[in-house]
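In UniProt numbering, the protein residues as written are 1 to 162.
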C-alpha cells in the first residue's frame, strides 16, 4: 500500500467538538504517536518528557471524544495497563463550509524548532517552484485552470486552547 492510499484509509470524519479537541498541538502529537504505536499514558509521558498526569488527562479527553480507543489491556502484578491507539491521523469535518472556489486544503498542529520551521518554509517554496515548472512543461498538452496556492505557518499559543 503506498503512502497516499495508507493516509486515505485512516481519514476520520469529525464534528465541531472533536475538531476543537484535536486542535491542541500536544493532542495532535499524542494522536500521531498513538497512531504509529499503541502505548500506555506512562510510556507516552516518558517518551515526550511530560508529566504522566497531564498526558493521562489529554488521552482521556481524546478517548471521551472518540479519537483514541483502548487497543489492549494488560494486568501485571495487580496493575492494569491500558494501551491506547489513535483511530486516524487525518480528520475532516463535513460540516465545515469551504469558501467559494475552494479546491483542497489541509492543516496540522505540530511542534517544530525554528530550524525546522525555516526548513519547512524553504521546502514549500521549492515545491511551489517545482509545480510552476511542471505546469509550464504541460501547458500545451493539458487543460489548465488558474489557482491561488498559499501556506501559513503560525505559532500556536497553548493558552489559546485553555
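Glycine included, each C-beta is placed from N, C-alpha and C at the ideal position.
Note that this is a predicted model, so its numbers are computed, not measured.
Own chain, CB closer than 7 Å to residue i, minus 5 neighbours either side, in chain order
| i | result |
| --- | --- |
| residue 4 | Bear in mind that the predicted position of residue 4 carries a pLDDT of just 42, short of 50, making it too unreliable to give a figure here. |
| residue 93 | 14, 15, 16 and 19 |
For residue i, the nearest candidate out of the options (CA to CA)
| i | options | result |
| --- | --- | --- |
| residue 54 | 134, 122 and 42 | 42 |
| residue 73 | 67, 93, 118 and 38 | 38 |
| residue 71 | 82, 77 and 78 | 82 |
| residue 151 | 136, 140, 124 and 51 | 124 |
| residue 214 | 69, 91 and 40 | There is no way to answer for residue 214, as the model of the chain reaches only from 1 to 162. |
| residue 129 | 111, 78, 75 and 149 | 149 |
| residue 113 | 96, 58, 47 and 155 | 155 |
| residue 68 | 143, 58, 134 and 80 | 58 |
Length of the line joining the Cα atoms of residue i and residue j
| i | j | result |
| --- | --- | --- |
| residue 84 | residue 49 | 18 Å |
| residue 162 | residue 21 | Low confidence applies here, because residue 162 scores a pLDDT of 40, under 50, leaving its location unreliable; read the following figure in that light. Looking at the two C-alpha atoms, the distance is approximately 11 Å. |
| residue 146 | residue 32 | 34 Å |
| residue 65 | residue 40 | 18 Å |
| residue 29 | residue 60 | 15 Å |
| residue 63 | residue 52 | 16 Å |
| residue 166 | residue 56 | As displayed, the chain neither begins before 1 nor continues past 162, which places residue 166 out of reach and without an answer. |
Nonlocal neighbours in the same chain, by C-beta distance under 6 Å from residue i, ignoring five residues either side
| i | result |
| --- | --- |
| residue 35 | 86 and 89 |
| residue 2 | Confidence at residue 2 is low in this model, with a pLDDT of 44, below 50, so its placement is unreliable and the value that follows should be read with caution. Contacts found: none. |
Coarse secondary structure for residue i, derived from DSSP in three states
| i | result |
| --- | --- |
| residue 54 | helix |
| residue 60 | helix |
| residue 90 | strand |
| residue 84 | strand |
| residue 79 | strand |
| residue 28 | helix |
| residue 148 | coil |
| residue 122 | helix |
| residue 155 | coil |
| residue 68 | strand |
| residue 161 | With a pLDDT of only 43 at residue 161, under 50, the local geometry of the prediction cannot be trusted, and the value read off the model is given with reservation. Residue 161 falls in the coil class under three-state DSSP. |
| residue 73 | strand |
| residue 37 | coil |
Close-in-space but distant-in-sequence residues of the same chain around residue i (CB under 8 Å, 5 per side omitted)
| i | result |
| --- | --- |
| residue 117 | 153 |
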